[in-house]
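In the numbering used here, the protein residues as written are 4 to 102.
Ideal Cβ positions, reconstructed from N, Cα and C, are used throughout, including at glycine.
None of the values given here were measured: they were computed from a predicted structure.
Worksheet: the structure to be examined is printed underneath.
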């Protein structure tokens with residue numbers, strides 16, 4: 004189970020993401036779409052169109068980490084016109100079922 008620290012900053016990409024992307028592709032999305040620094044240590048959350056897959060990209064001193072999970076029941080999610088939405092760790096646990 005992925006449990007970010009209480010002080011962590013999480014950014015949710017509100018647009019559907021192609022889950023075939025890996026480190027390079029997701030890093031490019033963080034820079035170009037979310038307009039954030041992928042080396043910041045923040046957590047970047049991506050979901051597919053059907054909201055049945057989720058990936059979380061973050062940077063640690065030793066390099067990039069990519070966490071992936073198939074969501075059996077999907078997740079609720081409202082459409083948003085913004086590119087990114089900041090969510091707090093408690094909101095992440097509530098909205099994503101504690102994944």
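Report the rounded CA-to-CA distance for residue i versus residue j, giving the unit in angstroms.
i          : j          : result
residue 7  : residue 57 : 15 Å
residue 66 : residue 40 : 14 Å
residue 87 : residue 69 : 18 Å
So, helix, strand or coil for residue i, using DSSP?
i           : result
residue 69  : strand
residue 105 : In the structure as shown, the chain starts at 4 and stops at 102, and residue 105 therefore has no counterpart that could be examined.
residue 58  : strand
residue 87  : strand
Of the residues the options, which one's Cα is nearest the Cα of residue i?
i           : options        : result
residue 26  : 48, 76, 52     : 48
residue 153 : 37, 21, 89, 14 : This structure cannot speak to residue 153, because the chain is shown only from 4 to 102.
residue 53  : 89, 74, 12, 11 : 74
residue 43  : 9, 76, 14      : 14
Could you tell me the boundaries of the beta strand (DSSP E) in which residue i lies?
i          : result
residue 37 : Per DSSP, residue 37 belongs to no beta strand (DSSP E) and is neither H nor E.
residue 74 : Taken as a continuous stretch (DSSP letters only), residue 74 belongs to no beta strand (DSSP E), as it is neither H nor E.
residue 15 : 13-16
Worksheet item: Does the pairing of the stretch 58-73 with the stretch 20-36 give three or more beta-carbon distances under 8 Å?
Response: Note that the stretch 58-73 touches the stretch 20-36; at least 3 beta-carbon pairs, one per stretch, sit closer than 8 Å.
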